[in-house]
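**Student:**
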Amino acid sequence: MFHTIIVAGNIGRDPEMRYTPSGVAVTSFSVATSRQYNNAQGQQVKETIWFRISCWSKLAEYANNYLKKGNKVLIEGRLVPDPATGGPRLWTRADGTTSASFEINAVTLRSLTSRSDSDSSGSSGGGFPEYSESSVDEDDIPF
Numbered sequence: 006m007f008h009t010i011i012v013a014g015n016i017g018r019d020p021e022m023r024y025t026p027s028g029v030a031v032t033s034f035s036v037a038t039s040r041q042y043n044n045a046q047g048q049q050v051k052e053t054i055w056f057r058i059s060c061w062s063k064l065a066e067y068a069n070n071y072l073k074k075g076n077k078v079l080i081e082g083r084l085v086p087d088p089a090t091g092g093p094r095l096w097t098r099a100d101g102t103t104s105a106s107f108e109i110n111a112v113t114l115r116s117l118t119s120r121s122d123s124d125s126s127g128s129s130g131g132g133f134p135e136y137s138e139s140s141v142d143e144d145d146i147p148f
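Each number in this note's numbering corresponds to the 1-based position in the sequence shown with 5 added.
Here it is as structure tokens:
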């Protein structure tokens, strides 16, 4: 069986890279997706869903080097369920309401922000290259 998810949105925080004890690079960041629609009463509703993104190995290095808060990205990967519930991770906000967090292990990253938008030095270019980690060895992922 196989599943994949594609998410396009804005990076909510700068990517953070770390290494597993075996030396595999892991980069994490969040992506927000938004949509607007009118409900049955005709009121405009804004909906934002946050995704936690994890990148591994060379894809992690790419994300850490090229992405930053505010960039628009397209992520392709697989959903990682909460081991306890089999669904999204549930947590309680500071105001006491319950929220859900969806986690994705990225396989492909594509920056939708041009280099001139991302780089304050104004370098020209048509955007960042797409990066696909199609040759990830499952033995490198520590879970």
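Even glycine gets a Cβ: it sits at the ideal position worked out from N, Cα and C.
Is there contact here, the stretch 62 to 75 with the stretch 91 to 103, by at least three beta-carbon pairs under 8 Å?
**Tutor:** Short answer: they don't touch.
**Student:** Determine the closest residue to A13 out of S62, G101, G82 and S104, with distance taken between C-alpha atoms.
**Tutor:** Closest by alpha carbon: G82.
**Student:** Looking only at its own chain, which residues have a Cβ that is under 6 Å from the Cβ of Y87, when we skip the five neighbours before and after it?
**Tutor:** Before going further, note that residue 87 is Asp rather than Tyr in the sequence given. Closer than 6 Å at the Cβ level, and outside the excluded window around D87, lie R94.
**Student:** Is the separation between the beta-carbon of N15 and that of V36 shorter than 8 Å?
**Tutor:** It is a contact, given that the beta carbons lie within the stated cut-off.
**Student:** Take V50 and list the residues in its own chain whose beta-carbon comes closer than 6 Å to its own, dropping the five residues that flank it on each side.
**Tutor:** Result list for V50: Y42 and N44, in chain order.
**Student:** Please name the residue or residues paired with S35 in a DSSP beta bridge.
**Tutor:** Partner(s): R57.
**Student:** Please return the same chain residues whose Cβ sits closer than 6 Å to the Cβ of W55, not counting the five positions on each side in sequence.
**Tutor:** Counting only Cβ-Cβ distances below 6 Å, and skipping sequence neighbours, we find S35 and A37.
**Student:** Going by the beta-carbon positions, is the gap between I58 and I10 smaller than 8 Å?
**Tutor:** No, the pair does not count as a contact, with Cβ atoms beyond the cut-off.
**Student:** Checking the sheet assignment: what are the DSSP bridge partners for S116?
**Tutor:** S116 pairs with V78.
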